[in-house]
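In my numbering, the protein residues as written are 260 to 490. We treat Cβ as the ideally placed atom computed from N, Cα and C, and that holds for glycine. Report on the structure given below.
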């Protein structure tokens, strides 16, 4: 087991060395690789990311530079992942693979497999973790266009009767779709549907009335479009 003091020294002094090597040996590979790659320093900060990674998480290089990697994790993921990433930073773990939920810059939540490996300096101290993403998909359940519109109207505060009139449905049909939505989203009640939808990243944050996210490119998921509303 390596002493904690050595890791602390690495965290403070590794920044200059890190930058110079990234600009040389790895920069061309980072920029051209089609798979999402990011490098995290011993303090858990994102120090480098390639265009594929920035596209996957819908963030710019400026938004990612220096941000704590755990800030990219969806709610509920941090506590589960922090012990493993800390072991990487301390040099007690060389490779770590897991599936995580990440929050994109646009608020959508994605699932991805993360493969992280530690690179050591010449003196044997852990230097950085290089993380690669693959098997990226939407974390949200796939909804039909009609289910998406029912959910959107529920989140906007519409009653079952109003939803039925707007979408040309019977009350029984609305009840059926609400039951299906509760099962898909894991909501305990009708009133919990909107909250679950935001947690899963189905809605664009900060927009009112609620707007559904379009499907992620390349996931093969059908669009959560809008059912033609009644004027």
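Own chain residues within Cβ distance below 7 Å of residue 394, not counting five before or after: 371, 372
Among 360, 408, 346, the one whose alpha carbon lies nearest that of residue 333: 360
Where the alpha helix (DSSP H) through residue 448 begins and ends: Looking at the DSSP string, residue 448 is not in any alpha helix (DSSP H), and its letter there is neither H nor E.
Residue 294 to residue 341 span [Cα, whole Å]: 24 Å
Buried or exposed (CB count within 10 angstroms, at least 16 for buried), residue 469: buried
Segment contact flag, the segment 408-416 with the segment 452-459, C-beta cutoff 8 Å, min 3 pairs: Touching, per the Cβ criterion.
Runs of alpha helix (DSSP H) lying entirely within the segment 322-410, each at least 4 residues, in chain order: 337-348
Residue 471 (DSSP reduced to helix, strand or coil): strand
Proximal residues to residue 292 (C-beta, below 8 Å), its chain only, five neighbours per side dropped: Counting only Cβ-Cβ distances below 8 Å, and skipping sequence neighbours, we find 309, 311.
Residue 362 vs residue 331 beta-carbon contact at 8 Å: yes
Residue interval of the alpha helix (DSSP H) (run including residue 316): Element bounds for residue 316: 310-316.
Spatially closest choice to residue 433 from 445, 442, 418, by CA coordinates: 418
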